[in-house]
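*Asks:* Please read through the structure below; I'll follow up with questions.
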Amino acid sequence: MKLFAIGFGQAGGKIIDLLLEYDKKTGQSSIARALAINTAKTDLMGLTQIPMEDRLLIGQTVSKGHGIGADNEMGAKIATDDIYTIQSAVDARGTHMTEAFLVAAGLGGGTGSGGAPVIARRLKKLYSEPVYGLGILPSNEEGSLYSLNAARSLMTFIKEVDALFLFDNDSWKKEGTTIVESYQYINEEIARRLGIILGAGEAPRSPKGVVGESVIDSSEIINTLKGGEISVIGYAREEAQRVGLLGKLRNMFRRKTSIESLDSTTKVVSLVRRAAMGRLTMPCDIKSAEKALVLIAGPPEQLSRVGTEKARLWLEDAIGGGEVRGGDYPIPGSKYVAGVVLLSGVSNVPRIKELQQLAIDAQVRMAEFSEKKGERIEELMNAEDLQPLF
Ligand SMILES: Nc1nc2c(ncn2[C@@H]2O[C@H](COP(=O)(O)OP(=O)(O)O)[C@@H](O)[C@H]2O)c(=O)[nH]1
Ligand SMILES: [Mg+2]
Numbered sequence: 000m001k002l003f004a005i006g007f008g009q010a011g012g013k014i015i016d017l018l019l020e021y022d023k024k025t026g027q028s029s030i031a032r033a034l035a036i037n038t039a040k041t042d043l044m045g046l047t048q049i050p051m052e053d054r055l056l057i058g059q060t061v062s063k064g065h066g067i068g069a070d071n072e073m074g075a076k077i078a079t080d081d082i083y084t085i086q087s088a089v090d091a092r093g094t095h096m097t098e099a100f101l102v103a104a105g106l107g108g109g110t111g112s113g114g115a116p117v118i119a120r121r122l123k124k125l126y127s128e129p130v131y132g133l134g135i136l137p138s139n140e141e142g143s144l145y146s147l148n149a150a151r152s153l154m155t156f157i158k159e160v161d162a163l164f165l166f167d168n169d170s171w172k173k174e175g176t177t178i179v180e181s182y183q184y185i186n187e188e189i190a191r192r193l194g195i196i197l198g199a200g201e202a203p204r205s206p207k208g209v210v211g212e213s214v215i216d217s218s219e220i221i222n223t224l225k226g227g228e229i230s231v232i233g234y235a236r237e238e239a240q241r242v243g244l245l246g247k248l249r250n251m252f253r254r255k256t257s258i259e260s261l262d263s264t265t266k267v268v269s270l271v272r273r274a275a276m277g278r279l280t281m282p283c284d285i286k287s288a289e290k291a292l293v294l295i296a297g298p299p300e301q302l303s304r305v306g307t308e309k310a311r312l313w314l315e316d317a318i319g320g321g322e323v324r325g326g327d328y329p330i331p332g333s334k335y336v337a338g339v340v341l342l343s344g345v346s347n348v349p350r351i352k353e354l355q356q357l358a359i360d361a362q363v364r365m366a367e368f369s370e371k372k373g374e375r376i377e378e379l380m381n382a383e384d385l386q387p388l389f
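Following this line, the structure appears as structure tokens:
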């Protein structure tokens with residue numbers, strides 16, 4: 000699928016940077032255009048893949064290029080004030096190739112948390128293509144201000160996009176490390192899961208005679224996401240069987256025996272089970288999904304049309320009967336066979352409830368704190384025999 004990808008803030012920029020790297024590594028070209036937007040110059044300079052001319056510094060009159068900390072109201076204000084600058088940056092890069100927009104941001108901070116919903120709203124007004132969001136939720140260890148920011152950004156962002164991919168730092172943080180130490184590994188996981196779905200809609204049809212014929216296209220991804228609100232992704236993989244040259248030749252000239260196809264069918268179904276029931280980008284009850292898409296990616300000779308169909312039926316049952324699409328993504332020479340499950344319109348997400356409660360508690364505590372502090376300062380400055388200047 001050809002995307003116009005916008006990374007807002009530091010986390011957002013890093014994710015789009017990695018998606019571009021994923022494109023390069025795999026030879027796919029799902030990111031047709033990319034833009035990194037930030038109030039902090041150093042964050043923009045830290046990117047490696049997004050070309051220098053596609054990095055946009057905003058809010059300079061306010062932040063002087065030094066960022067705005069975790070103030071997401073300020074992030075939203077700057078994005079709103081600079082919306083025409085952003086809009087012309089999008090226009091100038093051209094959108095004729097674009098099948099969809101993707102706006103990525105970490106929702107716990109300031110620039111991306113506040114800015115992503117603003118730009119998403121604008122893109123929806125201006126273009127007819129779908130606008131997707133990718134929101135990264137903070138880890139609880141980051142503290143209550145980050146939870147509050149994320150909860151407020153989330154409820155705003157979700158209204159402005161056609162679907163919102165969610166990734167939860169809290170459930171992906173590696174045991175015994177800090178969240179910052181986990182970033183790189185988490186980012187690679189996000190790029191892999193999203194990259195494979197975006198790339199699938201781009202896959203060339205396999206040459207005749209090869210098994211992986213049920214290739215999916217962009218419209219199937221778009222239809223799965225349509226009206227879906229929250230989307231999460233499951234992933235599992237195993238090493239592909241090594242097939243030597245002789246084996247490849249044999250595969251070309253021989254129809255698969257029933258034993259071989261039975262074997263690959265079982266494998267594909269078990270991969271998809273593991274993908275759906277393993278760790279999702281955001282933990283949720285898969286039964287609450289409205290729609291889903293199953294994708295099997297790997298060397299064409301190890302894909303099984305029957306397997307993909309069985310896996311699709313299994314998932315249909317697992318999500319309780321919603322619409323499930325399925326297809327293959329043949330990647331010649333790939334070392335892995337991967338099962339990817341895209342769940343769309345999930346509604347039972349305990350982590351969001353938890354985050355909202357943390358945010359409400361934080362809001363109450365902050366209000367109490369500033370009230371008490373106001374009283375203390377009043378007390379401190381109350382010197383009866385002195386008069387203020389004016
Ligand atoms: N997964 C991941 N999350 C990040 C990364 N950097 C920041 N975050 C998360 O995103 C939130 C916002 O941080 P940041 O993107 O630096 O804020 P901004 O630049 O003001 O938009 C943080 O609270 C973290 O939860 C990263 O590299 N990877
Ligand atoms: Mg930062």
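If you number the sequence shown the way numbering that gives the first Met the number 0 does, the last residue is 389 and the count never jumps.
C-beta: ideal position from N, C-alpha, C; glycine also.
1. Who does residue 329 pair with in a DSSP beta bridge?
2. So is the beta-carbon of residue 141 under 6 Å away from any non-hydrogen atom of ligand 1?
3. What separation, rounded to the nearest whole angstrom, lies between the Cα atoms of residue 167 and residue 138?
4. Any heavy atom of ligand 4 inside 6 Å of the beta-carbon of residue 9?
5. Under the DSSP definition of a beta bridge, which residues are partnered with residue 236?
6. Kindly indicate which three-state DSSP category residue 343 falls into: helix, strand or coil?
7. Please report the distance separating the alpha-carbon of residue 390 from that of residue 369.
8. May I ask whether a heavy atom of ligand 1 can be found less than 6 Å away from the beta carbon of residue 173?
9. List the DSSP bridge partners of residue 6.
10. Excluding the 5 residues flanking residue 211 on each side, which residues of the same chain have their C-beta closer than 6 Å to its C-beta?
11. Secondary structure at residue 290, three-state DSSP: helix, strand or coil?
12. Under the assumption that residue 40 contacts residue 55 (Cβ atoms under 8 Å), give the Cβ distance between them as a whole number of angstroms.
13. What's the call for residue 141, buried or exposed, on a 16-neighbour Cβ count within 10 Å?
14. For the pair the region 279-299 and the region 177-185, tell me if three or more CB-CB distances fall below 8 Å.
15. Contact check, residue 74 vs residue 114 under 8 Å by CB: the rounded distance?
16. Roughly how many angstroms separate the alpha carbons of residue 82 and residue 234, rounded to a whole number?
17. Rounded to the nearest angstrom, what separates residue 378 and residue 89 at their Cα positions?
18. Please classify residue 30 as buried or exposed, where buried requires at least 16 neighbouring CB atoms within 10 angstroms.
19. Out of curiosity, what's the CA-to-CA distance linking residue 305 and residue 336?
20. So, is residue 14 buried or exposed, given that buried needs 16 or more other C-beta atoms within 10 angstroms?
21. Can you grab the Cα-Cα spacing for the pair residue 20 / residue 372, in whole Å?
22. Near residue 97, what residues of its chain come up, given a Cβ to Cβ distance below 8 Å and the 5 sequence neighbours on each side ignored?
23. What is the residue span of the beta strand (DSSP E) that residue 133 lies within?
24. Determine, using beta carbons only, whether residue 232 and residue 307 come nearer to each other than 7 Å.
25. Report buried or exposed for residue 91, applying the criterion of at least 16 other Cβ atoms within 10 angstroms of its Cβ.
26. Closer than 6 Å to a non-hydrogen atom of ligand 1 - does that hold for the CB of residue 282?
27. Between 170, 43, 35, which lies nearest to residue 277 when the distance is taken from Cα to Cα?
28. Between the alpha carbons of residue 47 and residue 87, how many angstroms are there, rounded?
*Replies:* So, to answer that:
1. Locating residue 329 in the sequence shown gives position 330, counting from the first residue. Residue 329 pairs with 297.
2. Locating residue 141 in the sequence shown gives position 142, counting from the first residue. Relative to ligand 1, the nearest heavy atom lies less than 6 Å away from the CB of residue 141.
3. Locating residue 167 in the sequence shown gives position 168, where the first residue counts as 1. Locating residue 138 in the sequence shown gives position 139, where the first residue counts as 1. Residue 138 has its alpha-carbon roughly 7 Å from the corresponding atom of residue 167.
4. Absence of ligand 4 is noted for the structure shown, with ligand 1 and ligand 2 being the only ligands found.
5. The residue labelled residue 236 in the question sits at position 237 within the sequence shown. Per DSSP, 337.
6. Along the sequence shown, one-based indexing puts residue 343 at 344. Per DSSP, reduced to three states, the secondary structure at residue 343 is strand.
7. The displayed coordinates of the chain run from 0 to 389. Any statement about residue 390 would go beyond what the structure contains.
8. Taking the first residue of the sequence shown as position 1, residue 173 is located at position 174. With a cutoff of 6 Å, residue 173 does not count as near ligand 1, since its C-beta is closer than that to no heavy atom of the ligand.
9. As a first step, residue 6 must be located in the sequence shown, where it is residue number 7. Note: residue 6 is bridge-paired with 35, 103 in the DSSP secondary-structure output.
10. Walking along the sequence shown from the start, residue 211 turns up at place 212. Annotation note: pLDDT 44 at residue 211 (below 50); position unreliable, coordinate value reported separately. Counting only Cβ-Cβ distances below 6 Å, and skipping sequence neighbours, we find 205, 299, 302, 327, 329.
11. Mapped onto the sequence shown, residue 290 falls at position 291. Of the three classes helix, strand and coil, the one that applies to residue 290 here is strand, per DSSP.
12. Within the sequence shown, numbered from 1, the residue matching residue 40 stands at position 41. Within the sequence shown, numbered from 1, the residue matching residue 55 stands at position 56. Cβ atoms of residue 40 and residue 55 stay farther apart than 8 Å, at about 11 Å.
13. For the purposes of this step, residue 141 is taken as the residue at position 142 of the sequence shown. When all chains shown are included, residue 141 counts as buried.
14. The region 279-299 vs the region 177-185: no contact.
15. On the sequence shown, residue 74 is found 75 positions in, with the first residue counted as 1. On the sequence shown, residue 114 is found 115 positions in, with the first residue counted as 1. That belief holds up - the Cβ atoms of residue 74 and residue 114 are roughly 5 Å apart, short of 8 Å.
16. Residue mapping note: residue 82 aligns to position 83 of the sequence shown, counting from 1. Residue mapping note: residue 234 aligns to position 235 of the sequence shown, counting from 1. When only Cα atoms are considered, residue 82 and residue 234 end up about 36 Å apart.
17. Here residue 378 refers to the residue found at position 379 when the sequence shown is read from its first residue. Here residue 89 refers to the residue found at position 90 when the sequence shown is read from its first residue. Taking the CA atoms as reference points, residue 378 sits about 53 Å from residue 89.
18. Here residue 30 refers to the residue found at position 31 of the sequence shown. It is buried - the Cβ of residue 30 has at least 16 other Cβ atoms within 10 Å.
19. On the sequence shown, residue 305 is found 306 positions in, with the first residue counted as 1. On the sequence shown, residue 336 is found 337 positions in, with the first residue counted as 1. Across the structure, residue 305 and residue 336 are spaced so that their CA atoms are roughly 15 Å apart.
20. Working through the sequence shown from its first residue, we reach residue 14 at position 15. Looking at its Cβ environment, which holds 16 or more other Cβ atoms inside 10 Å, residue 14 is buried.
21. Reading the sequence shown from its first residue, position 21 is the one you call residue 20. Reading the sequence shown from its first residue, position 373 is the one you call residue 372. A straight line joining the alpha-carbon of residue 20 with that of residue 372 spans about 49 Å.
22. Along the sequence shown, read from residue 1 onward, the residue named residue 97 stands at position 98. Answer for residue 97: 1, 2, 3, 31, 32, 126, 128, listed in chain order.
23. The residue you call residue 133 lines up with position 134 of the sequence shown. Here the beta strand (DSSP E) through residue 133 covers 130-136.
24. Indexing the sequence shown from 1 puts residue 232 at position 233. Indexing the sequence shown from 1 puts residue 307 at position 308. No.
25. Along the sequence shown, read from residue 1 onward, the residue named residue 91 stands at position 92. Residue 91 is exposed by the Cβ-count criterion.
26. Walking along the sequence shown from the start, residue 282 turns up at place 283. No; taking the cut-off as 6 Å, the Cβ of residue 282 has no heavy atom of ligand 1 nearer than that.
27. Within the sequence shown, residue 277 is the residue found at index 278, counting from 1. Measuring from the Cα of residue 277, the nearest candidate turns out to be 170.
28. Locating residue 47 in the sequence shown gives position 48, where the first residue counts as 1. Locating residue 87 in the sequence shown gives position 88, where the first residue counts as 1. So the alpha carbons of these two residues sit roughly 23 Å apart.
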